[in-house]
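Residue numbers (this note's numbering): 1 to 336.
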């Protein structure tokens, strides 16, 4: 679940082939673009303006920038990429596919935007992030990113000592409960039909975690609109100020089908991701993936680091291709 970020000016889309296109303007995409721009590569970032963490008030768990609003981090990142000659283009990618390579066999990719514009690039970095799918509980979504949280490392300190409820979505929710129990002595586990074995129940009891088996009907608010609790199907309300939920995290693949990047399901039906290897390489020559699109557990710092590594790897590949082309030109056409 995302919502539009603050609007930002959009640079012009180049008409000539660029060294690299970055699809996605979050931490991974911007850091990848930064590495490429600092290597004097022509790079364009296509940003739809819907970052995953837009609903959050602040980003946490990243040294130096801890507590900084997500929008401010992105604005600073865009400014830094532009400082080195990179372009940031606001737009939605609706198509992406390989096109005819150069005469020397260097890859080319054509990217189409929703407004009809197109861009051709030699290499591509997919950093589209993911989409969080919440359980279908009435009233839950409106508190997402504030009183409804998913990551104890991103939001845990801010909700410490509050009455917290874990809305179970599958086996991963048991581990979620252990992590949030570290943050509060008042934790309720809403089983929502998921099975708990005897060992888990014993561990919950030992840690003072209350298990509620009655199905959940809805999330209820107080008069001010703040989250107040969970109403069960028997009509009773369990008072809670915070709800933790393991979301189903799906890589954003829309518009990228033409690249034929492999996608795999995550364990326990927890979503999907683009398959990648060292430095974000994929089985599609010329395309890399970085950030939450391939590593759903990565926080901002890890996503940014992955983008930097992919950007450096792309620059190295381009340097090899440039050298191969220069050598071929110097040697001239083959003689008969």
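A virtual CB, placed ideally from N, CA and C, is assigned to each residue, including glycine.
Quick one, are the C-beta atoms of residue i and residue j less than 8 angstroms apart?
{"i": "residue 121", "j": "residue 20", "result": "yes"}
{"i": "residue 346", "j": "residue 86", "result": "Since the displayed the chain opens at 1 and closes at 336, residue 346 lies outside it and no answer follows."}
{"i": "residue 272", "j": "residue 264", "result": "yes"}
{"i": "residue 249", "j": "residue 239", "result": "no"}
{"i": "residue 129", "j": "residue 293", "result": "yes"}
{"i": "residue 279", "j": "residue 256", "result": "no"}
{"i": "residue 100", "j": "residue 109", "result": "no"}
{"i": "residue 196", "j": "residue 214", "result": "no"}
{"i": "residue 242", "j": "residue 147", "result": "yes"}
{"i": "residue 94", "j": "residue 113", "result": "yes"}
{"i": "residue 58", "j": "residue 51", "result": "no"}
{"i": "residue 27", "j": "residue 300", "result": "yes"}
{"i": "residue 319", "j": "residue 106", "result": "no"}
{"i": "residue 160", "j": "residue 179", "result": "no"}
Excluding the five sequence neighbours on either side, which residues of its own chain have a C-beta within less than 6 angstroms of the C-beta of residue i, listed in chain order?
{"i": "residue 246", "result": "169, 172, 173 and 176"}
{"i": "residue 11", "result": "87, 88 and 89"}
{"i": "residue 17", "result": "120"}
{"i": "residue 48", "result": "92"}
{"i": "residue 66", "result": "60"}
Who are the Cβ neighbours of residue i in its own chain at under 8 angstroms, not counting the five residues just before and after it?
{"i": "residue 116", "result": "none"}
{"i": "residue 201", "result": "211"}
{"i": "residue 327", "result": "none"}
Could you pull out every residue in the same chain whose Cβ sits closer than 7 angstroms to the Cβ of residue i, ignoring the five residues on either side in sequence?
{"i": "residue 298", "result": "291, 292 and 306"}
{"i": "residue 192", "result": "167, 168, 215 and 216"}
Who pairs with residue i in a beta bridge, going by DSSP?
{"i": "residue 327", "result": "Partner(s): none; residue 327 has no beta bridge."}
{"i": "residue 20", "result": "43 and 123"}
{"i": "residue 229", "result": "220 and 239"}
{"i": "residue 167", "result": "190 and 245"}
Kindly examine the ligand FAD and report whether one of its heavy atoms sits closer than 7 angstroms to the Cβ of residue i.
{"i": "residue 181", "result": "This structure does not include the ligand FAD; it has no bound ligands of any sort."}
Checklist entry - Residue ranges of each alpha helix (DSSP H) run of no fewer than 4 residues wholly in the segment 22-84, ordered along the chain? => result If we require 4 residues or more, the alpha helix (DSSP H) runs fully inside the segment 22-84 come out as 27-38 and 70-83.
Checklist entry - Does the segment 131-143 come close enough to the segment 34-49 to have 3 or more Cβ pairs within less than 8 angstroms? => result Not touching, per the Cβ criterion.
Checklist entry - Counting pairs of Cβ atoms below 8 angstroms between the segment 159-169 and the segment 282-301, do you hit three or more? => result When Cβ pairs closer than 8 angstroms are counted between the two stretches, the segment 159-169 is seen not to touch the segment 282-301, the count staying below three.
Checklist entry - In chain order, which continuous runs of the beta strand (DSSP E) of length 3 or greater are located wholly inside the segment 264-317? => result Those beta strand (DSSP E) runs which fall completely within the segment 264-317 and span 3+ residues are 271-274 and 287-289.
Next on the checklist: Please give me, in chain order, every unbroken run of the beta strand (DSSP E) with length at least 3 that falls completely inside the segment 172-226.
Outcome noted: The segment 172-226 contains these whole beta strand (DSSP E) runs: 187-190, 210-212 and 216-221.
Next on the checklist: Could you tell me which whole beta strand (DSSP E) segments of length 3 or greater appear in the segment 236-266?
Outcome noted: As far as the segment 236-266 is concerned, its whole beta strand (DSSP E) runs of at least 3 residues are 237-239, 242-245, 248-251 and 263-265.
Item to check | Meets three-Cβ-pair contact criterion under 8 angstroms: the segment 28-37 and the segment 297-306 | outcome: The answer is yes - the segment 297-306 touches the segment 28-37, with three or more Cβ pairs under 8 angstroms.
Checklist entry - Between the segment 73-81 and the segment 146-158, are three or more C-beta pairs nearer than 8 angstroms? => result Counting Cβ pairs under 8 angstroms, fewer than three are found: no touch.
Checklist entry - Which full runs of the alpha helix (DSSP H) of 4+ residues lie inside the segment 70-149, going along the chain? => result Runs of the alpha helix (DSSP H) inside the segment 70-149: 70-83.
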